[in-house]
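Here the structure comes first, spelled out in structure tokens, and everything after it is commentary.
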Amino acid sequence: MSETQERSWAERLFGGFRKTSERLSENLTGVVGTAKLDDATLDDVEDALIISDLGPAAAKRIRDKLAEKRFGLGITERELKEAVAEEIAAILRPVAKPLEITAFPRPQVILVIGVNGSGKTTTIAKLAHWLTEDDYGVMLAAGDTFRAAAIGQLATWAERVGVPIVKGPEGGDPASIVFDAVKEATATGIDALVVDTAGRLQNKRELMEELAKIRRVLGRLNPEAPHDVILVLDATNGQNALSQIEIFKEVAGVTGLVMTKLDGTARGGVLVAAAEQFGLPIHAIGVGEKLDDLRPFDPDLVARVIAGVA
Ligand SMILES: Nc1nc2c(ncn2[C@@H]2O[C@H](COP(=O)(O)OP(=O)(O)OP(=O)(O)O)[C@@H](O)[C@H]2O)c(=O)[nH]1
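Each residue of the sequence shown is one higher than the one before, counting from 1 in the UniProt record's numbering.
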């Protein structure tokens, strides 16, 4: 990315996160009472972090770190926000891992999972666009055969992005579509096969069986596949996103996360709660509906945006 592109991305990220940023920033405003970091201020900081969706564990960790480094020392509001940003970054850095295409033999099989409406289909399209821009050969597989609309939507995106798609009829067997897709991707030298899956969390057992079958079939073609199981989460769900991680981890063996819809929600702090609670890699974040609105997860920039000091 050029410097201008970097700058415009930072501005867009800040614009997207504006509500989250304002929320924590407002909650932190006025907490510096005696101009020294004392217990009362630390309590207020911890409360501000919790009500900003960062979760109790991350809030406690940030409080303890602030106390350890600065207790009894003079601090301005700006310095407090800077210090909070630094501690948020320390939580986010270990989980920031861009998706890498390294599978050998190709293709790298990327299962994308998530509840309906989480932004799964749009994220697949954005991911395909992103990988295509990086000169990888990409193919999509319409493994969500539960709804005809899902297949149609994915096909429309495939056309828009300019990548091939393997699909079957509504109600078809997802595992057989994935099987065909891997064979075709292998034959045509595709680097990354991105597989859409059904997001029926309301029927956990069926979903688990469906994903297990996809895994079995994939395993026959390549024991390493699927290489990635990416869970797409909607940030507007706030704390609910955390329970989705819990369930999908159990059902599908999640290897990484993408958080979408960070634009227009004040609940972006949930990213920090997810990082603290699960430690799963965060590959990217979505801050809009356009194809280039999926970006790598930059922990320092995101931390500064969340704390309102970007
Ligand atoms: N503002 C915003 N909207 C998004 C983002 N990602 C997806 N959306 C929108 O969210 C809605 C749902 O996205 P889909 O990609 O269709 O979600 P899905 O999880 O595949 O849902 P189903 O198609 O119902 O299974 C669409 O209107 C998208 O345009 C994002 O990062 N920001």
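Note that CB positions come from ideal geometry on N, CA and C, so glycine has one too.
Item, Value
"Can you tell me whether Leu231 sits near ligand 1, meaning its C-beta is under 8 angstroms from at least one heavy atom of the ligand?", "no"
"Give me the Cα-Cα distance between Thr29 and Leu271, rounded to the nearest whole angstrom.", "22 angstroms"
"Give the DSSP-derived three-state secondary structure of Gln277 in the structure shown.", "helix"
"Do three or more CB pairs link the stretch 166-175 to the stretch 136-147 at distances below 8 angstroms?", "yes"
"Give the DSSP bridge partners of Gly171, in chain order.", "None, per the DSSP bridge assignment."
"CA-CA distance, Asn203 and Val251?", "11 angstroms"
"So, Pro105 versus Ile190, is the Cβ gap smaller than 9 angstroms?", "no"
"When the Cα atoms are used, what is the spatial distance from residue 331 to Ala40?", "No answer is possible for residue 331: it lies beyond the span of the chain, which begins at 1 and ends at 310."
"Only counting the same chain, and skipping five residues up and downstream in sequence, which positions put a Cβ closer than 6 angstroms to that of Glu82?", "Val309"
"Give the DSSP-derived three-state secondary structure of Pro56 in the structure shown.", "helix"
"Could you tell me if the beta carbon of Asn116 falls within a distance shorter than 8 angstroms of some heavy atom in ligand 1?", "yes"
"Take Gly253 and list the residues in its own chain whose beta-carbon comes closer than 7 angstroms to its own, dropping the five residues that flank it on each side.", "Val229"
"Under a three-way DSSP split, which group does Val166 fall into?", "strand"
"Within a Cβ cutoff of 7 angstroms, which residues of the same chain sit near Ala85, ignoring the five residues on either side of it in sequence?", "Ala303, Arg304, Ala307 and Val309"
"In whole angstroms, give me the CA-to-CA distance for Asp38 and Phe71.", "6 angstroms"
"With three or more beta-carbon pairs closer than 8 angstroms as the criterion, would you say the stretch 118-126 touches the stretch 217-234?", "yes"
"Do the stretch 257-277 and the stretch 207-226 touch if we need at least three Cβ pairs shorter than 8 angstroms?", "no"
"In the DSSP assignment, find the unbroken beta strand (DSSP E) run with Thr197 in it and report its ends.", "Ala192 to Thr197"
"Measuring only from the beta carbon, is Arg160 closer than 8 angstroms to any heavy atom that is part of ligand 1?", "no"
"What is the DSSP secondary structure of Ala103, counted as helix, strand or coil?", "coil"
"Work out the CA separation of Glu289 and Ile88 for me, nearest whole Å.", "27 angstroms"
"With C-beta atoms as the reference, is Val195 less than 9 angstroms away from Val258?", "no"
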